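Q:
Numbering (this note's numbering), first residue to last: 1117 to 1393.
#1: Give every residue of the same chain whose Cβ lies closer than 8 angstroms to the Cβ of residue 1225, excluding the five residues on either side of it in the sequence, and list them in chain order.
#2: Could you tell me whether the Cβ atoms of residue 1327 and residue 1234 are closer together than 8 angstroms?
#3: Provide the residue(s) that pair with residue 1180 in DSSP beta bridges, ordered along the chain.
#4: Using a threshold of 8 angstroms, state whether the C-beta atoms of residue 1344 and residue 1322 are closer than that.
#5: Hey, which unbroken runs of the alpha helix (DSSP H) at 4 residues or more fall wholly within the segment 1161 to 1237?
#6: Does DSSP put residue 1262 in a helix, a strand or coil?
#7: From residue 1277 to residue 1230, what does the alpha carbon distance come to, in whole angstroms?
#8: Would DSSP call residue 1137 helix, strand or coil?
#9: Quick one: what's got a C-beta closer than 6 angstroms to residue 1195's C-beta in the same chain, skipping five residues either side?
#10: Who are residue 1321's beta bridge partners in DSSP?
#11: CA-CA distance, residue 1102 and residue 1302?
#12: So for residue 1248, helix, strand or coil by DSSP?
#13: According to DSSP, is residue 1281 helix, strand or coil?
#14: Can you grab the Cα-Cα spacing for the pair residue 1151 / residue 1379, in whole Å?
#15: Can you list, in chain order, the residues of its chain whose CB lies under 6 angstroms from that of residue 1159, leaving out five sequence neighbours each side?
#16: Residue 1250 and residue 1161: beta carbons closer than 8 angstroms?
#17: Could you tell me the distance, in whole angstroms, from the CA atom of residue 1069 to the CA atom of residue 1334?
#18: What does residue 1294 pair with, by DSSP beta-bridge criteria?
#19: Taking the beta carbon of residue 1179 as the centre, do at least 16 other beta carbons fall within 10 Å, making it buried, or is it exposed?
#20: Apart from the five residues on each side of it in sequence, which residues of its chain come closer than 7 angstroms, Cβ to Cβ, to residue 1130?
#21: Based on the DSSP secondary-structure assignment, which residues constitute the bridge partners of residue 1118?
#22: In the DSSP output, which residue or residues are listed as bridge partners for residue 1383?
#23: Please tell me whether residue 1369 and residue 1338 are closer than 8 angstroms, where the distance is taken between their beta carbons.
#24: Anyone know if the C-beta pair for residue 1208 and residue 1156 falls short of 8 angstroms?
#25: Compare the beta carbon distance of residue 1376 and residue 1259 with 8 angstroms and say whether it is the shorter of the two.
#26: I believe residue 1163 touches residue 1236 by the beta-carbon criterion, under 8 angstroms. Please report the beta-carbon distance rounded to the nearest angstrom.
#27: Between residue 1364 and residue 1296, which are expected to be in contact by the criterion C-beta below 8 angstroms, what is the C-beta distance as a whole number of angstroms?
#28: Rounded to a whole number of angstroms, what is the C-alpha to C-alpha distance between residue 1204 and residue 1352?
#29: On the CB-based measure, 16 or more other CB atoms within 10 Å of its CB, does residue 1210 come out buried or exposed?
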């Protein structure tokens, strides 16, 4: 039997999801490391977890999925309450359930998930918001979101995403399938409309880019976003996306967008598994 946990975390103070060996300055803080420490306290024994996505340093999550094989059974409500009291403020477990595989094989979210959905938040405004800046990339320029959406359609389908992976990527193949990419715009309502001399503008907006796919290369979503931002600024033709997919060349794609704007919204899992206890 395996226990599955749905995690949410603010990635700003984590060096990514995956546990890391201690560095010259001591332990490296990671999501997996914090979770396994808390589980070890509850079970009074070391616990090894298996994550669906190895999010990078600074990347957030609302729906990360983790599995582990418990030394003994703890009711899921007790597990949730126990972890709530042990985990730091920037990491929480939002759901827990158990699953079994034939022959007692362990559940592995990395290989059994049905895909992932990422969301990237762009703040197009000169006035920064200290309450949300940890979760967004602020740009002072106005972006044409309709042109960005038109360009983003080229990503949908199965393509060679070699132009959209970091140099450190070690994937055996760069072919990936993207199910959807959407670019939406929401105006920013000025919190201080009566204040004179404000930097706020009627054109200020939040752009949200959502990407749904089966699997992703290292930094793939962030490079896709960086390239779409260049399209929105008018510095790149919308048709260049299709060209980058047809003739992969990382040097010709856009810059890697900052990690802070990216959130792993959901790891898709068979609906029949949701809520099992």
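C-beta atoms are modelled at their ideal positions from N, C-alpha and C, and glycine is treated no differently.
Predicted, not measured: the structure shown is a model, and the values here were computed from it.
A: Taking the coordinates as given:
#1: Locating residue 1225 in the chain shown gives position 109, where the first residue counts as 1. Only 1120, 1166, 1167, 1168, 1181, 1182, 1183, 1383, 1385 meet the Cβ criterion.
#2: To locate residue 1327, count along the chain shown from 1; it is residue 211. To locate residue 1234, count along the chain shown from 1; it is residue 118. A contact, by the Cβ cut-off of 8 angstroms.
#3: Taking the chain shown and counting its residues from 1, the one referred to as residue 1180 is at position 64. Answer is 1123.
#4: Start at 1 with the first residue of the chain shown, and residue 1344 comes out as number 228. Start at 1 with the first residue of the chain shown, and residue 1322 comes out as number 206. Not a contact, by the Cβ cut-off of 8 angstroms.
#5: 1192 to 1202, 1225 to 1228
#6: Position 146 of the chain shown, counted from the first residue, corresponds to residue 1262. Reduced to three states, the DSSP call for residue 1262 is helix.
#7: Residue 1277 sits at position 161 when you count from the first residue of the chain shown. Residue 1230 sits at position 114 when you count from the first residue of the chain shown. Taking the straight line from one Cα to the other gives about 19 angstroms.
#8: Numbered from its first residue, the chain shown carries residue 1137 at position 21. DSSP places residue 1137 in coil when its eight states are reduced to three.
#9: Taking the first residue of the chain shown as 1, we reach residue 1195 at position 79. Excluding positions up to five away in sequence, the list reads 1212.
#10: By 1-based counting over the chain shown, the position of residue 1321 is 205. 1240, 1303, per the DSSP bridge assignment.
#11: In the structure displayed, the chain extends from 1117 to 1393; residue 1102 sits before or after that span and is not available.
#12: Here residue 1248 refers to the residue found at position 132 when the chain shown is read from its first residue. Three-state DSSP puts residue 1248 in coil, outside helix and strand.
#13: The count along the chain shown starts at 1 and reaches residue 1281 at position 165. Here residue 1281 sits in coil by DSSP.
#14: On the chain shown, position 35 is the one that residue 1151 refers to. On the chain shown, position 263 is the one that residue 1379 refers to. Straight-line Cα distance between these residues: approximately 19 angstroms.
#15: By one-based count along the chain shown, residue 1159 stands at place 43. If we look at residue 1159 and ignore the five residues flanking it on each side, its Cβ neighbours are 1187.
#16: Here residue 1250 is taken as the residue at index 134 of the chain shown, counted from 1. Here residue 1161 is taken as the residue at index 45 of the chain shown, counted from 1. Cβ atoms of residue 1250 and residue 1161: not closer than 8 angstroms.
#17: No answer is possible for residue 1069: it lies beyond the span of the chain, which begins at 1117 and ends at 1393.
#18: Walking along the chain shown from the start, residue 1294 turns up at place 178. Residue 1294 is bridged to 1273, 1329.
#19: Translated into the one-based positions of the chain shown, residue 1179 becomes position 63. Classification for residue 1179: buried.
#20: Here residue 1130 is taken as the residue at index 14 of the chain shown, counted from 1. For residue 1130, where only same-chain residues beyond five positions count, the Cβ hits under 7 angstroms are 1145, 1146, 1147, 1173.
#21: As a working mapping, residue 1118 is identified with position 2 in the chain shown. BP columns for residue 1118 point to 1215.
#22: Taking the first residue of the chain shown as 1, we reach residue 1383 at position 267. Answer by DSSP bridge pairing, in chain order: 1232.
#23: Taking the chain shown and counting its residues from 1, the one referred to as residue 1369 is at position 253. Taking the chain shown and counting its residues from 1, the one referred to as residue 1338 is at position 222. Their beta carbons are not under 8 angstroms apart, which means residue 1369 does not touch residue 1338 by this criterion.
#24: For the purposes of this step, residue 1208 is taken as residue 92 along the chain shown, with counting starting at 1. For the purposes of this step, residue 1156 is taken as residue 40 along the chain shown, with counting starting at 1. No, the pair does not count as a contact, with Cβ atoms beyond the cut-off.
#25: If you number the chain shown from 1, residue 1376 lands on position 260. If you number the chain shown from 1, residue 1259 lands on position 143. Result no, Cβ atoms of residue 1376 and residue 1259 do not sit closer than 8 angstroms.
#26: Taking the first residue of the chain shown as position 1, residue 1163 is located at position 47. Taking the first residue of the chain shown as position 1, residue 1236 is located at position 120. Going by Cβ atoms, the distance from residue 1163 to residue 1236 rounds to 32 angstroms, so no, they are not a contact pair.
#27: Along the chain shown, one-based indexing puts residue 1364 at 248. Along the chain shown, one-based indexing puts residue 1296 at 180. The pair is not a contact, with the Cβ atoms about 22 angstroms apart (cut-off 8 angstroms).
#28: Translated into the one-based positions of the chain shown, residue 1204 becomes position 88. Translated into the one-based positions of the chain shown, residue 1352 becomes position 236. C-alpha separation (whole angstroms): 43 angstroms.
#29: Within the chain shown, the letter at position 94 stands for residue 1210. By the neighbour-count rule (16 or more Cβ atoms within 10 Å), residue 1210 is not buried but exposed.
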